[in-house]
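Read through the structure below, which is laid out as structure tokens, and then see the notes.
Numbering (mature numbering (1 follows the signal peptide of the UniProt record, and there is no 0)), first residue to last: -23 to -1, 1 to 525.
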């Protein structure tokens, strides 16, 4: 009799949505990855290599992975290695070109190349041409001052092994051999200059993400939750984290307890760090900046241009406004993108909410935001000017790079949203941090990635930084050290200090990734990068980037 009553009461409770104790219901995992983009996918692959017995869950708000910033159409697809991006080599107050940031970014990209090469060898990544293609990187400028700067930049970089093979020219005939599309119809009296690096790449980060997640799904201890929005993150008594999320399709609510949580949600990371309540998250605010590109899919035009050609920001514009004319390989075909043109929305994600900026503003970060807004007024002016551009204005900007362009061949494409970091600062109130930052709790049980530049192309080294920060003891262990060196042979070394090491790494990765054979590297007694790493006599402005 009592058994029947208990059974009936249990059925009634379930029908009314009454649940048992949370601790008994929540699924337990070792690692929970929030966000289905390149960062979470890369960290998942790293951890699966290092600790294959760890259980993992990935939670993504959209219906598929790699649908936000990692999507190939939502970024420029540059394998950022500072071969062409002039804003990574600023001038100090004495007019000297500083190259430490450029060397740092190039070093990071070499880790990415090695990481991807290992994954190809293991069968995690399939045909390399599906996600990476050799695409020369070039800097292209006009005007006496810009030509002078580019020549100084070339002279500063050419002695560094990581920049071997770079060529410089002011000869229109030579430049026309590199980029005929950009020279046809150009004023023959215009003074121009260019550098050319044949080892540049175009990368489809969305494809890498999809292949990484597809592999993780074949492993026994990985679970993917799509169409699932994280609603709360709270700390449990045992030090783990309870992540509550809702299925946007059927309204089902689920909870997972994780020993470690990584927030790789792109523009959504700031909100989630704030939800966690960790003090470290209160130090930050975010300012959203979007980007749009002019796109042509005309095969006749696309086949005439094989380069990522970066220009220099116009006088009076912030460095983040650097335009570029890019060869892309998307959806199996070659296309050309030009931009970015800055756009503004209060959304933190392309598929986000217009309330994102407002709801991320707190009593802790409103003062830093105000101080940055006042101090960075030129950036505000630039964004306002960009918002006022007409279709004709954007097309005129394109014609500076492609004089014979026809407006009918091009359409405007809205790319992804990026959230620039604003961090509280004791001296200045707040500072604009143009880069990426790993933010973690004091006990290293939760971490998130904020910022954008240089972004996806350095996902492998950025996630390696997460491992070093969060799993410090594990990283120091012989087992992890052996595996890390197996995956990234140059781990723990500075390639730019050794021409032999650069040559070996380039040959290894180029062969596996089916990239252009690397150039010969001259034997240098002392790479200039080592000298340039010394503090400058006069500090320069922070390196800026729209990060698209």
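Idealized CB from N, CA, C, for every residue including glycine.
In three-state terms, what does DSSP make of residue i?
i           : result
residue 215 : coil
residue 95  : helix
residue 38  : coil
residue 435 : helix
residue 321 : coil
residue 70  : coil
residue 87  : helix
residue 116 : strand
residue 235 : strand
residue 493 : coil
residue 315 : strand
residue 65  : helix
residue 145 : strand
residue 334 : helix
residue 167 : coil
Thinking residue i and residue j are a contact (beta carbons under 8 Å), I'd like their distance in whole angstroms, please.
i           : j           : result
residue 224 : residue 205 : 5 Å
residue 46  : residue 82  : Going by Cβ atoms, the distance from residue 46 to residue 82 rounds to 18 Å, so no, they are not a contact pair.
residue 263 : residue 325 : 6 Å
residue 392 : residue 15  : 15 Å between Cβ atoms; not a contact.
residue 61  : residue 174 : 7 Å
residue 319 : residue 266 : 6 Å
residue 85  : residue 66  : Not confirmed; about 16 Å, so no contact.
residue 387 : residue 271 : 5 Å
residue 89  : residue 438 : 7 Å
residue 193 : residue 22  : 7 Å
residue 285 : residue 177 : 6 Å
Given 7 Å as the limit, tell me if residue i has its C-beta closer than that to any heavy atom belonging to the ligand MG.
i          : result
residue 32 : With respect to the ligand MG, the structure offers nothing, as it holds no ligand at all.
Taking the straight line between their C-alpha atoms, what separation do you get for residue i and residue j?
i           : j           : result
residue 421 : residue 444 : 10 Å
residue 11  : residue 44  : 14 Å
residue 522 : residue 300 : Per-residue confidence for residue 522 stands at a pLDDT of 48, beneath the threshold of 50, marking its modelled position as unreliable; no derived number is given.
residue 417 : residue 423 : 6 Å
residue 35  : residue 382 : 44 Å
residue 486 : residue 479 : 11 Å
residue 385 : residue 152 : 26 Å
residue 426 : residue 375 : 34 Å
residue 2   : residue 218 : 14 Å
residue 274 : residue 306 : 10 Å
residue 122 : residue 154 : 24 Å
residue 8   : residue 220 : 11 Å
residue 405 : residue 347 : 11 Å
Which two residues bound the contiguous alpha helix (DSSP H) that contains residue i?
i           : result
residue 130 : 121 to 134
residue 277 : 276 to 279
residue 17  : 15 to 27
residue 189 : 182 to 193
residue 284 : Note, residue 284: premise wrong, no alpha helix (DSSP H); not H, not E.
residue 371 : 368 to 376
residue 362 : 354 to 364
residue 253 : 246 to 253
residue 10  : Segment 4 to 11 is the beta strand (DSSP E) holding residue 10; no alpha helix (DSSP H) there.
residue 459 : 455 to 464
residue 151 : 149 to 155
residue 200 : Taken as a continuous stretch (DSSP letters only), residue 200 belongs to no alpha helix (DSSP H), being part of the beta strand (DSSP E) at 199 to 202.
Residue range of the beta strand (DSSP E) that residue i falls in?
i           : result
residue 401 : 388 to 402
residue 265 : 261 to 273
residue 307 : 301 to 307
residue 410 : 406 to 410
residue 414 : 413 to 417
residue 104 : Where residue 104 is concerned, there is no enclosing beta strand (DSSP E), given that its DSSP letter is neither H nor E.
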